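Chemist:
In our numbering, the protein residues as written are 5 to 218.
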């Protein structure tokens, strides 16, 4: 005789996996449309059609277009849709466990290059839409706050390693890193001036190390 509890658990797991796959398909379709046509010009109906689902399905999973964009930013920032915050990712632990401040900074910036490569184009859309869309303005501010928290964590770890310049507080170091290691600077170099991401990484390593490390 089959176990009804085990069967129900299996069905629940399959449904959860299907729902997750549907969310991912919707977000992927929306990202392509946002990049191609812009945020304001893309409708939920277009997203549904591109994802091959009913528009009611998009409403069910996300509620509105702003939430779809938030999901895209969150997934691109960490690289997948696992419910693991960025600061709990293995590479952040590697930064924390590395005793040498310069090597720890290099690990952080190498991963920043990867993250910016994924998320910078979509963050440009968020930034550009923030001037006329209140939800996008809130999304931009939330992202800035999260980014500062991440860089403050890095500054505190560098301080714990006694790697910061003696004339620089942890708060000042966090401000400097937050400003230099930004989407805006990355896009100016790679998008406007045509630098490769590797060239940006090499430059930002030298600049940040000179600015905050002893």
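Note that CB positions come from ideal geometry on N, CA and C, so glycine has one too.
Note that the structure is a prediction, hence the values are computed from the model and not measured.
Is the number of C-beta pairs between the stretch 115-132 and the stretch 181-188 that are closer than 8 Å three or more?
Modeler: Touching, yes, given that three or more Cβ pairs across the two stretches are closer than 8 Å.
Chemist: Please tell me whether residue 62 and residue 70 are closer than 8 Å, where the distance is taken between their beta carbons.
Modeler: For the purposes of this step, residue 62 is taken as the residue at position 58 of the chain shown. For the purposes of this step, residue 70 is taken as the residue at position 66 of the chain shown. Result no, Cβ atoms of residue 62 and residue 70 do not sit closer than 8 Å.
Chemist: Does the stretch 75-89 come close enough to the stretch 167-180 to have 3 or more Cβ pairs within less than 8 Å?
Modeler: The stretch 75-89 vs the stretch 167-180: no contact.
Chemist: Quick one, are the C-beta atoms of residue 76 and residue 35 less than 8 Å apart?
Modeler: Start at 1 with the first residue of the chain shown, and residue 76 comes out as number 72. Start at 1 with the first residue of the chain shown, and residue 35 comes out as number 31. The answer is yes: Cβ separation under 8 Å.
Chemist: Where residue 160 and residue 174 are concerned, what is the direct C-alpha to C-alpha distance, given to the nearest angstrom?
Modeler: Taking the first residue of the chain shown as 1, we reach residue 160 at position 156. Taking the first residue of the chain shown as 1, we reach residue 174 at position 170. Those two C-alpha atoms are separated by around 6 Å.
Chemist: In whole angstroms, give me the CA-to-CA distance for residue 143 and residue 183.
Modeler: Looking up residue 143 in the chain shown gives position 139. Looking up residue 183 in the chain shown gives position 179. Whole-angstrom Cα-Cα distance: 18 Å.
Chemist: Could you check the C-alpha separation between residue 129 and residue 135 for me, to the nearest Å?
Modeler: Position 125 of the chain shown holds residue 129. Position 131 of the chain shown holds residue 135. C-alpha separation (whole angstroms): 11 Å.
Chemist: Return the CA-CA distance between residue 198 and residue 14, expressed in angstroms with no decimal places.
Modeler: Along the chain shown, one-based indexing puts residue 198 at 194. Along the chain shown, one-based indexing puts residue 14 at 10. About 51 Å.
Chemist: In the structure shown, what three-state DSSP assignment does residue 39 receive?
Modeler: Position 35 of the chain shown, counting from 1, holds the residue named residue 39. Helix, per DSSP.
Chemist: Does residue 217 come out as helix, strand or coil in the three-state DSSP assignment?
Modeler: The count along the chain shown starts at 1 and reaches residue 217 at position 213. Strand, per DSSP.
Chemist: Taking just the CA atoms, how far does residue 18 sit from residue 114?
Modeler: Walking along the chain shown from the start, residue 114 turns up at place 110. Walking along the chain shown from the start, residue 18 turns up at place 14. Straight-line Cα distance between these residues: approximately 37 Å.
Chemist: Taking Cβ positions, are residue 217 and residue 169 nearer each other than 8 Å?
Modeler: As a position in the chain shown, residue 217 is number 213, starting the count at 1. As a position in the chain shown, residue 169 is number 165, starting the count at 1. Yes; because the gap between Cβ atoms is below 8 Å, this pair is in contact.
Chemist: Please report the residue range of the alpha helix (DSSP H) in which residue 165 lies.
Modeler: Translated into positions along the chain shown, residue 165 becomes position 161. Residue 165 -> no alpha helix (DSSP H), and no H or E assigned at all.
Chemist: Whole alpha helix (DSSP H) runs in the stretch 70-145 with 4 or more residues, listed along the chain?
Modeler: DSSP runs (the alpha helix (DSSP H)) wholly in the stretch 70-145: 94-101, 105-134.
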